[in-house]
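**Q** Numbering (our numbering), first residue to last: 116 to 254. Note that CB positions come from ideal geometry on N, CA and C, so glycine has one too. Before I ask anything, here is the structure I am working with.
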Amino acid sequence: MRQGLPVSEHFFANIKRVNKASQAILPVFFQQADAAIVDRHAFRTMVELNPQLNEQLTMLASSPALIHSIVCLSRNSDEEVKKAILDTAFKLGNDTAGKQILTLFQMDRVALYKQSYLEAMTALAREHHDLATRLANRR
116 MRQGLPVSEH FFANIKRVNK ASQAILPVFF QQADAAIVDR HAFRTMVELN
166 PQLNEQLTML ASSPALIHSI VCLSRNSDEE VKKAILDTAF KLGNDTAGKQ
216 ILTLFQMDRV ALYKQSYLEA MTALAREHHD LATRLANRR
């Protein structure tokens with residue numbers, strides 16, 4: 116949209132939506148598809164499993180890192196329970212089991228919430244709305 120192109124459904128001849136990153140990446144690798152849009156974490160994981168992907172595929176564009184998920188605890192929660200949850204969450208990357216949990220949820224790490232973490236998401240949503248409005252007004 117930044118480049119003045121129409122929405123994807125009107126620009127591309129064919130769009131195939133899949134559930135797994137490998138179902139998007141491997142057809143590009145085997146030249147059965149022209150391009151794929153995948154999560155950076157999923158691409159890195161695929162490259163770790165098959166380094167040839169990194170040699171044969173080129174990233175055309177990337178978006179800024181966005182918040183994957185937010186976990187909220189009630190202010191009324193027991194302080195000991197909150198502390199136990201936070202301590203456990205922050206230590207997930209320190210051992211094999213914790214790393215597996217992070218991988219399962221496609222997360223790199225757990226961090227305390229800061230308002231600035233949502234700024235990239237808010238800016239992207241605002242830009243999309245503005246571009247979509249301009250595109251609609253041109254029709």
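(1) According to DSSP, is LEU175 helix, strand or coil?
(2) Quick test of your reading: ALA157 and ALA235, contact by CB under 8 Å. State the CB separation rounded to the nearest angstrom.
(3) Give the DSSP-derived three-state secondary structure of VAL133 in the structure shown.
(4) Compute the distance between the beta-carbons of LEU172 and PHE144, then report whether it is under 8 Å.
(5) With a CB to CB cut of under 6 Å and the five nearest residues on each side skipped, what residues in its chain are close to GLN221?
(6) Quick test of your reading: ALA128 and MET161, contact by CB under 8 Å. State the CB separation rounded to the nearest angstrom.
(7) Is GLN118 helix, strand or coil by DSSP?
(8) So, with DSSP's three-state summary, where would you put ASN209?
(9) How many Å lie between TYR232 and ALA151 at the Cα?
(10) Between the Cα of GLY208 and the Cα atoms of ASN134, SER189, GLU124, VAL225, which residue gives the shortest distance?
(11) Take the Cβ of VAL153 as the centre, count every other Cβ of all protein chains shown within 10 Å, and call the residue buried at 16 or more, exposed below.
(12) Using a 10 Å radius around the Cβ and a threshold of 16 neighbouring Cβ atoms, would you call ILE130 buried or exposed?
(13) Give the list of continuous alpha helix (DSSP H) stretches no shorter than 4 residues that lie fully inside the region 138-209.
**A** So, from the data block:
(1) Looking up residue 175 in the sequence shown gives position 60. Three-state result, LEU175: coil.
(2) Numbered from its first residue, the sequence shown carries residue 157 at position 42. Numbered from its first residue, the sequence shown carries residue 235 at position 120. About 19 Å separates the two Cβ atoms, so there is no contact after all.
(3) Residue 133 sits at position 18 when you count from the first residue of the sequence shown. VAL133: coil per DSSP, three-state reduction.
(4) In the sequence shown, residue 172 corresponds to position 57, counting from 1. In the sequence shown, residue 144 corresponds to position 29, counting from 1. Taking 8 Å as the Cβ cut-off, LEU172 and PHE144 qualify as a contacting pair.
(5) The residue given as residue 221 occupies position 106 in the sequence shown. So the list reads HIS156, once near-sequence residues are dropped.
(6) Working through the sequence shown from its first residue, we reach residue 128 at position 13. Working through the sequence shown from its first residue, we reach residue 161 at position 46. Their Cβ separation, rounded to whole angstroms, is 25 Å, which puts ALA128 and MET161 out of contact at 8 Å.
(7) Taking the sequence shown and counting its residues from 1, the one referred to as residue 118 is at position 3. Coil.
(8) As a first step, residue 209 must be located in the sequence shown, where it is residue number 94. Three-state DSSP puts ASN209 in a helix.
(9) Stepping through the sequence shown from its first residue, residue 232 is reached at position 117. Stepping through the sequence shown from its first residue, residue 151 is reached at position 36. Between TYR232 and ALA151, the C-alpha separation is close to 26 Å.
(10) Indexing the sequence shown from 1 puts residue 208 at position 93. Here the closest residue by C-alpha is VAL225.
(11) Here residue 153 corresponds to residue number 38 of the sequence shown, with the count starting at 1. Under this definition VAL153 is a buried residue.
(12) Position 15 of the sequence shown, counted from the start, is the residue given in the question as residue 130. Label assigned to ILE130: exposed.
(13) 155-164, 167-171, 194-205
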